[in-house]
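Residue numbers (our numbering), protein chains in the order written: chain A, 278 to 767; chain B, 278 to 767.
A quick write-up on the structure given underneath.
2 protein chains.
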Amino acid sequence: MTTDAPPRPKARAPRGFQDRRADALATERRILTAVSRVYESYGFEHLDTGAFEYADALGKFLPDADRPNEGVFALQDDDEQWMALRYDLTAPLARFAAEQWDSLPKPFRRYAYGPVWRNEKPGPGRYREFLQCDADTVGSDRPEADAEIIAMAVEGYAAAGLPRSAYALRINNRKLLNGLLSAAGVNDAGQKLAVLRAVDKLDRLGPEGVTALLGAGRKDESGAFTRGAGIGSAATDAVLAFVEAGRDTRAGTLDRLAQVIGGSPEGDEGLRELSLISGALGRLGVGEDQALFDPSIVRGLEYYTGAVFEADIALEAVGERGEPVRFGSIGGGGRYDDLVARFTGQRTPATGFSFGVSRLAAALAAAGATGERTRGPVVIIALDGALMSEYFAIAGELRAAGVPAEVYLGTSGMRAQMKYADRRLSPAAVIVGGDELAAGTVTIKDLDLGRMLAESVADNRTWRDDRPGQITTPRGELVAQIRRIVEAAS
Amino acid sequence: MTTDAPPRPKARAPRGFQDRRADALATERRILTAVSRVYESYGFEHLDTGAFEYADALGKFLPDADRPNEGVFALQDDDEQWMALRYDLTAPLARFAAEQWDSLPKPFRRYAYGPVWRNEKPGPGRYREFLQCDADTVGSDRPEADAEIIAMAVEGYAAAGLPRSAYALRINNRKLLNGLLSAAGVNDAGQKLAVLRAVDKLDRLGPEGVTALLGAGRKDESGAFTRGAGIGSAATDAVLAFVEAGRDTRAGTLDRLAQVIGGSPEGDEGLRELSLISGALGRLGVGEDQALFDPSIVRGLEYYTGAVFEADIALEAVGERGEPVRFGSIGGGGRYDDLVARFTGQRTPATGFSFGVSRLAAALAAAGATGERTRGPVVIIALDGALMSEYFAIAGELRAAGVPAEVYLGTSGMRAQMKYADRRLSPAAVIVGGDELAAGTVTIKDLDLGRMLAESVADNRTWRDDRPGQITTPRGELVAQIRRIVEAAS
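Have a look at this one:
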């Protein structure tokens with residue numbers, strides 16, 4: 278390989294893909310473990326599907342698309358079928374449930390976690406691979422199933438370490454706006470979609486901007502014009518009253534919604550569902566501040582058919598240049614009663630929630646709320662090749678006592694070895710030379726103490742040549758001494 | 278989506294990709310946790326790289342290949358660069374180490390786990406996505422680093438639950454055969470490769486077949502002719518003496534190797550390295566039966582430069598049609614001193630080992646040695662919509678007591694709900710009707726006991742209408758009763 282000397286490739290990760298080190302991985306793993314435990318406590322079983330799905334199963338492509346690579350990473354298998362890496366965990370679940378329906382316990386409740394991939398333009402903080410952790414119930418159309426999903430999301434965020442004040446789930450139901458529009462005589466699918474898009478911009482454009490987008494259209498500051506939904510002023514007023522119906526309590530919002538929704542079978546059905554969700558949330562102990570009804574929530578995905586959920590994080594974080602950073606959505610979900618039917622033709626109600634694990638981990642890290650600081654092993658300094666046997670014996674004793682330990686296996690001298698232990702954030706280094714061996718002693722350097730003392734005496738000349746945190750102890754007391762140091766360090 | 282009615286896609290997983298349910302995932306997770314803990318105890322830090330690498334970084338492709346999809350899943354990014362899903366965890370490590378070398382603690386010791394993908398023809402038991410778990414040391418050329426990798430592999434298999442008699446690591450060093458061939462005047466790279474391929478077939482063809490392949494060539498039973506290495510009879514004899522030099526102890530094999538290796542600088546270097554590995558393995562407490570020197574081990578990958586390791590499993594398992602199943606290799610590794618230099622031009626010694634987690638999990642499962650049987654939650658039978666509040670209260674109490682519990686949220690009747698609990702392998706079901714509520718009691722069905730009693734009295738008519746394992750208890754004792762049942766079930 279090296280003798281043929283092809284041009285040297287440049288060592289670089291593909292654009293939009295991350296290398297993650299121990300601290301970040303520990304945070305992710307802690308979140309996944311905590312959230313999985315919540316899901317299991319509610320009786321959800323673990324499922325993992327492969328990274329690929331057939332492109333038609335993902336349901337994102339036109340059948341005549343020549344190269345269906347829009348938004349996903351797709352390739353053609355050797356039998357000419359297009360496959361794509363999953364872009365979420367919901368589409369693979371729908372495929373699995375449809376494929377295995379007859380053999381599954383019903384309702385089928387599963388959780389899943391793993392990477393998903395999106396073929397989008399990468400940028401700072403925008404990755405093309407990230408972790409999700411989902412729970413879904415397939416085969417129940419009871420609103421209590423939605424309430425349970427919401428309760429698990431709330432519990433999951435708490436278990437992941439979010440302070441209660443830092444997040445909230447906002448809940449809506451697609452049927453409300455649909456019903457309202459029907460009652461107002463707006464039945465065109467294109468118009469309805471335009472209304473959803475307009476409502477989705479309420480946060481950014483305010484009621485005035487939304488009013489424009491519901492009506493004739495809106496010119497933004499750059500002069501670009503967005504055509505409006507054109508639903509007329511009565512319908513516009515009704516929509517605005519609807520999206521502003523949110524109150525401090527779920528019951529309060531329900532009352533207000535009953536006034537503004539106008540009578541329509543679909544709207545009434547949406548109200549009935551939200552009301553049952555409200556009751557179940559109370560019984561499940563979900564606080565009013567943790568799960569709010571908010572009629573302005575849209576959720577982009579077209580496949581939702583009823584209740585929709587969105588989780589926002591309100592942690593204050595500071596970016597690299599000291600600017601405040603907002604993380605926004607850290608999860609979402611809803612009811613999708615038609616996804617399994619795409620395969621089977623039989624309506625199969627389903628509801629679920631997806632944790633944005635990578636986003637949540639990044640938010641926790643940025644807010645300094647992770648606490649993960651992976652400690653390195655105890656390092657046995659290796660200076661004398663003839664003493665390797667002793668070094669390995671010490672490392673083995675420490676490992677047997679449950680203390681991670683390694684013999685330094687590079688070829689550098691004392692200073693570099695100490696620096697290595699320091700960079701690994703090791704709690705201690707062990708030094709054994711011929712003298713110590715003859716005397717039956719070992720020298721232990723408490724690296725945390727050393728770091729602390731070195732900092733506090735940095736300007737004190739008389740201390741400078743001292744060896745802070747260093748002790749010499751009988752060989753037989755090595756393990757006990759190290760354990761004491763390691764326990765203090767953790 | 279449903280109104281447009283595009284043709285319904287067929288629900289099926291892509292060829293060669295698996296859906297894995299809770300039991301299989303529990304086995305995998307247990308293996309990964311156990312092996313990670315061993316790696317961490319030796320001071321290895323966790324690293325995760327993305328699923329993709331640039332194709333040139335994988336080093337498997339000719340620069341002029343038009344569609345580099347051979348053996349890997351590759352696609353072209355929107356900037357025309359070819360990317361491929363990683364086919365192992367070593368190539369991404371080499372890329373990462375080269376990219377970050379200046380900022381890393383050295384030697385750099387990392388472990389990693391995750392899926393890898395191979396674009397190969399799928400078949401029964403042959404998947405295109407599977408889990409690996411690797412540990413590597415980059416930046417140490419000490420043979421002790423190899424010994425440590427071997428010791429961790431041995432400990433890792435034990436931690437994963439393999440009985441000691443079920444596996445062994447076999448160890449060789451590429452330099453031995455290279456040196457022997459140099460001493461015998463065989464210096465042509467093609468001839469050397471042909472020799473490696475011939476030796477690799479020792480298990481299957483025996484010494485006679487290998488002799489033919491080292492010489493003029495071999496005609497197999499179908500009449501197909503494989504050209505031989507053509508290295509002459511003296512060299513052939515030397516190679517055969519070498520590959521048969523394995524003895525019961527590492528020291529015994531080293532003695533025999535010293536006799537057959539013939540003097541060459543590279544062979545002597547290989548012997549010196551194996552000798553140091555042998556010493557360190559002894560100090561690390563690795564038994565002779567767990568790590569053998571075996572000169573017939575080749576390892577396919579061209580990138581190995583020194584020591585090579587291979588782990589075989591000897592668990593007896595039985596296939597679907599009752600036939601005995603052998604699993605063979607469950608891991609391997611070795612020293613690859615040139616992989617990082619592909620990027621940097623600077624020699625950077627490295628050594629590592631890769632656990633075949635999926636293969637190991639399948640072997641454990643087939644041998645009935647996994648023990649993972651995921652229990653379902655306690656199921657609160659829901660028969661009366663007016664009592665939902667009570668059902669949720671019971672489920673909440675059980676969860677608060679650490680017992681997974683769910684309210685049945687389908688719409689079926691009693692019989693289907695009990696069947697559901699049975700299929701979930703639930704330890705218990707809770708039944709509350711209006712009568713119980715009025716009386717302040719609950720009915721609990723101990724499902725394990727019920728199953729057992731039902732089996733033992735299956736032919737006893739007088740018992741058939743009884744309700745085995747069913748008790749009625751005051752509402753206040755529900756949690757305590759359920760805990761007792763759950764503890765007995767686990």
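Just so it is clear, CB atoms sit at the ideal spot from N, CA and C, and this is done for glycine as well.
As the structure is a computational prediction, the values presented were derived from the model and not from experiment.
| query | result |
| --- | --- |
| The segment 301–311 of chain A touching the segment 648–664 of chain A, judged by at least three CB pairs closer than 8 Å | yes |
| Residue range of the alpha helix (DSSP H) that includes glutamine 694/B | 691–700 |
| Chain-ordered neighbours of proline 382/A on chain B, where CB pairs are closer than 7 Å | Tyr697, Arg700 and Arg701 |
| Segments of 3+ residues assigned as beta strand (DSSP E) that fall wholly inside the segment 341–425 of chain B | 351–353, 359–362, 385–394 and 406–415 |
| Partners in chain B for threonine 414/A, counting only beta-carbon separations shorter than 8 Å | Leu686 |
| Within-9 Å CB hit, proline 340/B to chain A | Residue placement at proline 340/B cannot be trusted, given a pLDDT of 38 that sits under 50; what the coordinates show is reported in the next sentence. Yes, contact with chain A. |
| Chain-ordered neighbours of methionine 429/A on chain B, where CB pairs are closer than 9 Å | Those do not exist, as methionine 429/A stays about 10 Å from chain B at its closest Cβ, beyond 9 Å. |
| Proximal chain B residues relative to arginine 298/A, where beta-carbon distance stays under 8 Å | Glu322, His323 and Leu324 |
| Chain A contact residues for aspartate 333/B, given Cβ-Cβ distances below 7 Å | Pro286 |
| Nonlocal neighbours in the same chain, by C-beta distance under 7 Å from arginine 752/A, ignoring five residues either side | Gly717, Thr718 and Val719 |
| Beta-carbon contacts of arginine 495/A that lie in its chain and below 8 Å, excluding the five residues immediately before and after | Leu482, Gly486, Ala489, Phe502, Thr503 and Gly505 |
| DSSP state of glycine 611/A mapped onto helix, strand, coil | strand |
| Straight-line Cα distance separating isoleucine 508/A from glutamine 468/A | 7 Å |
| Proximity to lysine 383/B [Cα-Cα], best of Ala493/A, Arg700/A and Leu470/A | Arg700/A |
| Cβ contact (3+ pairs, closer than 8 Å) linking the segment 721–728 of chain A and the segment 668–686 of chain A | no |
| Residues, ordered as in the chain, of the segment 647–666 of chain B that lie near chain A by beta-carbon distance below 7 Å | Thr651, Gly653, Pro654, Met665 and Ser666 |
| For tryptophan 740/A, the three-state DSSP class (helix, strand or coil) | Only weak support exists for where tryptophan 740/A lies, its pLDDT of 43 falling under 50; the value from the coordinates is given anyway. Tryptophan 740/A falls in the helix class under three-state DSSP. |
| Within-9 Å CB hit, aspartate 725/B to chain A | no |
| Cα-Cα separation, arginine 285/A to methionine 729/A | 44 Å |
| Contact under 9 Å by Cβ, asparagine 396/A with aspartate 356/B | no |
| Glutamate 764/A burial status per 10 Å Cβ neighbour count (16 or more: buried) | exposed |
| Segment contact flag, the segment 310–321 of chain B with the segment 434–443 of chain B, C-beta cutoff 8 Å, min 3 pairs | yes |
| Bounding residues of the beta strand (DSSP E) (the contiguous stretch that carries arginine 761/A) | Premise fails: arginine 761/A lies in the alpha helix (DSSP H), 755–766, not in any beta strand (DSSP E). |
| Interface residues of the segment 444–466 of chain A facing chain B [CB-CB below 8 Å] | none |
| Any chain A beta carbon closer than 9 Å to tryptophan 740/B | Residue placement at tryptophan 740/B is poorly supported in this model, since its pLDDT is 43, which falls under 50; the coordinates are not used for a value here. |
| Buried or exposed (CB count within 10 angstroms, at least 16 for buried), leucine 339/A | Any reading at leucine 339/A is ruled out, since the residue's pLDDT is 40, under 50, leaving its predicted position unreliable. |
| Contact with chain B by serine 606/A, beta-carbon distance below 9 Å | no |
| Status (buried if at least 16 other CB within 10 Å, exposed otherwise) for aspartate 418/B | buried |
| Valine 463/B beta carbon near the ligand PLP (any heavy atom closer than 8 Å) | The ligand PLP is absent from the structure shown, which contains no ligand whatsoever. |
| Chain A contact for glutamate 565/B (CB, 9 Å cutoff) | no |
| Separation of isoleucine 721/B from threonine 749/B, as counted between CA atoms | 6 Å |
| Reduced DSSP category for lysine 452/A - H, G, I as helix; E, B as strand; rest coil | helix |
| For lysine 722/B, the three-state DSSP class (helix, strand or coil) | strand |
| 9 Å Cβ cutoff met for leucine 561/B and leucine 675/B | no |
| CB contact check: arginine 636/A to chain B, cutoff 9 Å | no |
| Chain-order list of residues whose beta-carbon lies under 6 Å from that of glutamine 747/B (same chain, five-residue window excluded) | Lys722 |
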